[in-house]
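Residue numbers (the working numbering), protein chains in the order written: chain A, 177 to 286; chain B, 4 to 123.
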Amino acid sequence: QAGLTQPPSVSMGLRQTATLACTGDTNNVGGQGAAWLVHYQGHPPKLLSHRDNTRPSGISERFSASRSGNTASLTIAGLQPEDETVYYCSAWDSRVGAWVFGGGTKLTVL
Amino acid sequence: QVELVQSGGAVVQPGGSLRLSCVGSGFTFSDHALHWVRQAPGKGLEWLAGISYNGDIQYYSDSMKGRLTISRDNGKDTLHLQINSLRGDDTAVFYCAREFRVGDGGFDVWGQGTVVTVSS
């Protein structure tokens, strides 16, 4: 099953804005969108954005998601040191009938 | 509060089997599809299996298809994952997760994770 493509790493400065990309195809991201998760090692992942780009209750407005064609994006504004970790996108793939994840992007806050 | 609590992780010999469990509380368990996801050491998240809200539909990742059985008991608010023919590369942290809403939701509630180590 083909997964989603994320850049392995992104680096941005403190208080700057980072945009993380997630590329799929019309069967997954382009069809029903992508959800975004943040994962700190040793803890379960945490949902930042549903596939319809809405934030779950309790998620900071610093995190916003969008989609253009087959590419989903997560924008993190006002970067903080605690934002330094790994971010994953996920989507339902209607062609293979399975969920797929991106490989994850390690965000470094300089 | 809304939570999923996992159990069943263990050290298992190659070729062995294991059953993981995940109990939900604080929400209507039978309203949600549920999933299993794993993370092998040094690797990313990998979706393994999902089951519809009423258990009628199960779907699996190709990577472990044939070795997994996902099931649920809505009367006991419990999700299970049976894993057979375990191999060394199955060593991972396994998570259960709730799908918020079919169609446009994401996995919004996660279990704490349970470690499965396959080793002789």
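Beta carbons are placed, not taken as given, at the ideal position from N, Cα and C, and that holds for glycine. Predicted model only: the values in this text are computed from it and were never measured.
Sequence-distant partners of B:Arg22 (beyond 5 residues in either direction) whose C-beta falls short of 8 Å from its own C-beta, in its chain, are Gly11, His83, Leu84, Gln85 and Ile86. Identification of residues in the segment 246-280 of chain A having a C-beta nearer than 7 Å to some C-beta of chain B yields Tyr264, Ser266, Gly273, Ala274, Trp275, Val276, Phe277, Gly279 and Gly280, given in sequence order. Following the DSSP letters along the chain, one finds A:Val205 in no beta strand (DSSP E) but inside the alpha helix (DSSP H) bounded by residues Val205 to Gln208.
Going by DSSP, A:Lys222 is part of the beta strand (DSSP E) stretching over Lys222 to Ser225. Counting only runs that start and end inside the segment 8-44 of chain B, the beta strand (DSSP E) elements of at least 3 residues fall at 21-28 and 37-42. If you draw a 10 Å sphere on the C-beta of B:Gly106, you find fewer than 16 other C-beta atoms in it, and that means exposed. Here B:Pro17 is exposed: its Cβ has fewer than 16 other Cβ atoms, across all protein chains shown, within 10 Å. A distance below 7 Å between beta-carbons, with the five flanking residues on each side excluded, links A:Ser240 to the following residues of its chain, in chain order: Thr251. According to the DSSP assignment, A:Ser242 belongs to the beta strand (DSSP E) that extends over Phe239 to Ser244. Residue environment: A:Thr281 is assigned as buried (16 or more neighbouring CB atoms within 10 Å of its CB, all protein chains considered). Secondary structure note for B:Phe97: its beta strand (DSSP E) is the uninterrupted segment Ala95 to Glu102.
Counting C-beta atoms within 10 angstroms of its own C-beta, A:Ser236 has fewer than 16 neighbours from the protein chains shown and is therefore classed as exposed. Residue environment: B:Asp76 is assigned as exposed (fewer than 16 neighbouring CB atoms within 10 Å of its CB, all protein chains considered). Taken in chain order, the members of the segment 232-246 of chain A whose beta-carbon sits within less than 8 Å of a beta-carbon on chain B are Pro232.
Residue range Leu48 to Ile54 is occupied by the beta strand (DSSP E) that includes B:Glu49.
Going by C-alpha positions, A:Gly278 is about 22 Å away from B:Gln61. A:Gly245 is a Cβ neighbour of A:Gly206, given a cutoff of 7 Å. In this structure, the beta-carbon distance from B:Val96 to B:Gly116 falls below 7 Å.
Listed by position along chain B, the residues whose Cβ is nearer than 7 Å to that of A:Leu223 are Gly109, Phe110 and Asp111.
With a cutoff of 7 Å on beta-carbon distance, B:Phe32 and B:Val5 are scored as not near each other.
Take B:Val40, set aside five residues on each side of it, and the residues of its chain with a beta-carbon closer than 7 Å to its own are Leu48, Glu49, Trp50, Leu51, Tyr98 and Ala100, in chain order.
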